[in-house]
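Q: Residue numbers (our numbering), protein chains in the order written: chain A, 1 to 253; chain B, 1001 to 1253.
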DNA sequence: TGTCGTGATCTGTGATCACAGTTAGGTTGG
DNA sequence: CCAACCTAACTGTGATCACAGATCACGACA
């Protein structure tokens, strides 16, 4: 079903009290970023988040706390916490007396989500372009190359989905606004299942599609340090993908 | 400490199936809109959310699961779920081995939050102005009147905070975008403790302050159906409040 | 053959217990 | 009188048990 919970990569080292070394001296203890307390529940949350964004959990798919717990090799408790968090973000929903499942978006909900993404991610792209460094542009370019490679014959949907995500977030992170990243992550969490499930099922869209063009325009705008153009490229990327979804994907109601 | 969890609005037990009506007839059962399952954890979440937005929990204040549970008259379990959700939204934070507390924003974090609010709430105001009805404008006006009344001598900080919140959300809800409301709520959840704790401590800011002017301009723009002006009025409202906070409130680092 | 009732099974929710880690307070030793 | 230690209380986390409600499949009745 799902991958077993791994030790995972350290998401963030706790600043923590640097072991009281003698004043003035730089102890080696200050270097070790005091092992983070990453709780089990957080790890499960991260696991489920990744699966949702990658579109590996289809809309409407039902989850069982006990099944997930067993699949991940943990007790039911951490899974409850993870599902509780994701349900608060409406990335999952718990039916009254039934089970917990991946939400099925209505057309109206999907359109609203897209409009919000245009505003928020457009803003992020604009701000990022103002302050992005050459090194960061290189990272974005690297992800674009990976995306292109994954889109060619033979197409590798999973890799393309990952590269696309990395490309976008590499750009957004350049803006240096953590809360904004967090907000965009939530949007992707909600849109991920449809967007990427589709991309997974129709890898053909990748090659020669609008995404490739939009990404190229985005990179060009970045290199010119043209915020408005970067925003425009991103808007086209999101819009084109959304239009395709509206035509092909099955949306509720 | 906090208000006890009340039975809330009657979750109303099913009105005892009034004998299945004959087929073909429109049964009274079709009328009852399947009663919501409001769980205990959700109620606690709502309680804490209200406390946070109202600024009744100060930044840095520590909470104890057991204490909150006892104060609300429930077991520790629902509180864990509520804290877990709010922590996922970063409306609360759990220190590694210590306790859970209301986050203390740094100046940089507060500024980022404000910038995001300008974008998101500005967008909401603009969209709302395009589709708002006269009745909805009247509701906004009513909340503005309540705000004015609460700001006058003698000032009633708690009422003013509530009226200000109701005014803003009445506007945003007119946009008819549920996910956007949810997003703005999260922003208020994070900014609420500083914003409203301040307003509570300095009620003088209310009277003759910039908020009154901004609200008047907002209402005028709504009546003219002028989206750009509405956005501008809101931007000034948020900016003025933020500037005041930056000058007076104690922010970390 | 179609429909309703019924029991087994599985669901999420809540409570209780156990535990490692930290904090705070009081006491002891200098 | 001050600092360091040490113990007792409290913290969140995780596991396990109990329970009401819903689903589903099978069987009885019309």
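Idealized CB from N, CA, C, for every residue including glycine.
Quick one: what does DSSP say residue 1028 of chain B is sitting in, helix, strand or coil?
A: Only weak support is given to the placement of residue 1028 of chain B: the predicted model assigns it a pLDDT of 46, under 50, and the value that follows is read from those uncertain coordinates. In this structure, residue 1028 of chain B counts as helix in the three-state DSSP scheme.
Q: Buried or exposed, going by whether 16 or more other CB atoms sit within 10 Å of the CB of residue 1042 of chain B?
A: When all chains shown are included, residue 1042 of chain B counts as buried.
Q: Helix, strand or coil for residue 1090 of chain B per DSSP?
A: In the structure shown, residue 1090 of chain B sits in coil (DSSP, three-state: anything other than H, G, I, E or B).
Q: Enumerated in chain order, which unbroken segments of the alpha helix (DSSP H) with a length of 4 residues or greater are wholly contained in the stretch 1114-1139 of chain B?
A: Runs found: none.
Q: By Cβ distance below 6 Å, which residues in the same chain neighbour residue 1094 of chain B in space, the five residues on each side in sequence not counted?
A: Hits under 6 Å: 1087 and 1100.
Q: Please go through the same chain and pick out, in chain order, the residues whose beta-carbon is closer than 7 Å to the beta-carbon of residue 1232 of chain B, but skip the five residues on each side of it.
A: Hits under 7 Å: none found.
Q: Which residue or residues does DSSP assign as beta-bridge partners of residue 106 of chain A?
A: DSSP output for residue 106 of chain A lists A:252 as bridge partner(s).
Q: Any beta carbon from chain B within less than 9 Å of residue 123 of chain A's own beta carbon?
A: Output row for residue 123 of chain A: interface = yes.
Q: Which residues in chain B sit within 7 Å of residue 84 of chain A, going by Cβ to Cβ distance?
A: Simply 1081, 1084 and 1085.
Q: Entirely within the stretch 153-196 of chain A and at least 4 residues each: give me those alpha helix (DSSP H) ranges in chain order.
A: Here the runs fully enclosed are 157-173.
Q: Check whether chain B comes within 9 Å of residue 23 of chain A, counting only Cβ atoms and requiring the distance to be less than that.
A: Note on residue 23 of chain A: pLDDT 38, under 50, position unreliable in the model; the coordinate value appears next. Output row for residue 23 of chain A: interface = no.
Q: Exposed or buried, what is residue 144 of chain A when buried is set at 16 or more other beta-carbons lying within 10 Å of its beta-carbon?
A: Classification for residue 144 of chain A: buried.
Q: Taking Cβ positions only, does residue 1113 of chain B come closer than 9 Å to chain A?
A: Interface residue, yes.
Q: Check whether the stretch 1112-1119 of chain B and the stretch 97-117 of chain A are in contact - that is, three or more C-beta pairs closer than 8 Å.
A: Cβ pair count under 8 Å is below three, so no.
Q: Any contact of the stretch 114-129 of chain A with the stretch 215-226 of chain A, i.e. 3+ C-beta pairs under 8 Å?
A: The stretch 114-129 of chain A is in contact with the stretch 215-226 of chain A.
Q: Taking contact to mean 3 or more Cβ pairs, one atom from each stretch, closer than 8 Å, check whether the stretch 1039-1057 of chain B and the stretch 41-60 of chain A are in contact.
A: Judged by Cβ distances under 8 Å, the stretch 1039-1057 of chain B makes no contact with the stretch 41-60 of chain A, as fewer than three pairs qualify.
Q: Would the stretch 241-251 of chain A count as touching the stretch 177-195 of chain A if we require 3 or more Cβ pairs under 8 Å?
A: At 8 Å Cβ cutoff, the stretches touch.
Q: Mapping the DSSP letters down to three states, classify residue 63 of chain A as helix, strand or coil.
A: Three-state DSSP puts residue 63 of chain A in a strand.
Q: What does residue 1076 of chain B reach in chain A if we use C-beta pairs closer than 7 Å?
A: The contacting residues do not exist; residue 1076 of chain B stays about 13 Å from chain A at best.
Q: Have a look at the DSSP bridge pairing and note the partners of residue 100 of chain A.
A: Note: residue 100 of chain A sits in a beta bridge opposite A:63 and A:94.
Q: Work out the CA separation of residue 245 of chain A and residue 139 of chain A for me, nearest whole Å.
A: Spanning the two alpha carbons is a distance of roughly 28 Å.
Q: Specify, as a first and last residue, the run of the alpha helix (DSSP H) that residue 57 of chain A falls within.
A: Neither: residue 57 of chain A is in no alpha helix (DSSP H) and is coded neither H nor E.
Q: List, in order along the chain, the chain B residues whose C-beta lies closer than 8 Å to that of residue 119 of chain A?
A: The contacting residues are 1119, 1120 and 1123.
Q: Do residue 189 of chain A and residue 124 of chain A have their beta-carbon atoms positioned less than 9 Å apart in this structure?
A: No, these two residues do not count as a Cβ contact at 9 Å.
Q: Determine the DSSP secondary structure at residue 1068 of chain B, reduced to helix, strand or coil.
A: In the structure shown, residue 1068 of chain B sits in a helix (DSSP, three-state: H, G or I).
Q: Can you find the residues in the same chain that come closer than 7 Å, C-beta to C-beta, to residue 1080 of chain B, ignoring five residues on each side of it along the sequence?
A: Result list for residue 1080 of chain B: 1065, in chain order.
Q: Residues of the stretch 156-180 of chain A in Cβ contact with chain B at a cutoff of 9 Å, in chain order, please.
A: Residues 176, 177, 178, 179 and 180.
Q: Check this for me: beta carbons of residue 268 of chain A and residue 78 of chain A, under 9 Å apart or not?
A: Here chain A comprises residues numbered 1 to 253, so residue 268 of chain A is not present and cannot be evaluated.
Q: When the Cα atoms are used, what is the spatial distance from residue 84 of chain A to residue 164 of chain A?
A: Going from the Cα of residue 84 of chain A to the Cα of residue 164 of chain A covers about 28 Å.
Q: Can you tell me which of the three DSSP states residue 43 of chain A falls into?
A: Three-state result, residue 43 of chain A: helix.
Q: Please report the distance separating the alpha-carbon of residue 1052 of chain B from that of residue 1117 of chain B.
A: If you take the alpha carbons of residue 1052 of chain B and residue 1117 of chain B, they lie about 17 Å apart.
Q: If you reduce the DSSP assignment to three classes, tell me which class residue 1075 of chain B lands in.
A: If DSSP states are grouped into helix, strand and coil, residue 1075 of chain B belongs with coil.
Q: Tell me, to the nearest whole angstrom, how far the beta carbon of residue 1213 of chain B is from that of residue 1148 of chain B; I am working on the premise that it is less than 8 Å.
A: Not quite, the Cβ-Cβ distance comes to about 11 Å (not below 8 Å), so this is no contact.
Q: Following the continuous alpha helix (DSSP H) through residue 223 of chain A, name the residue where it begins and the one where it ends.
A: 210-224 is the span of the alpha helix (DSSP H), which, as asked, contains residue 223 of chain A.
Q: Is the separation between the beta-carbon of residue 170 of chain A and that of residue 136 of chain A shorter than 9 Å?
A: Yes; because the gap between Cβ atoms is below 9 Å, this pair is in contact.
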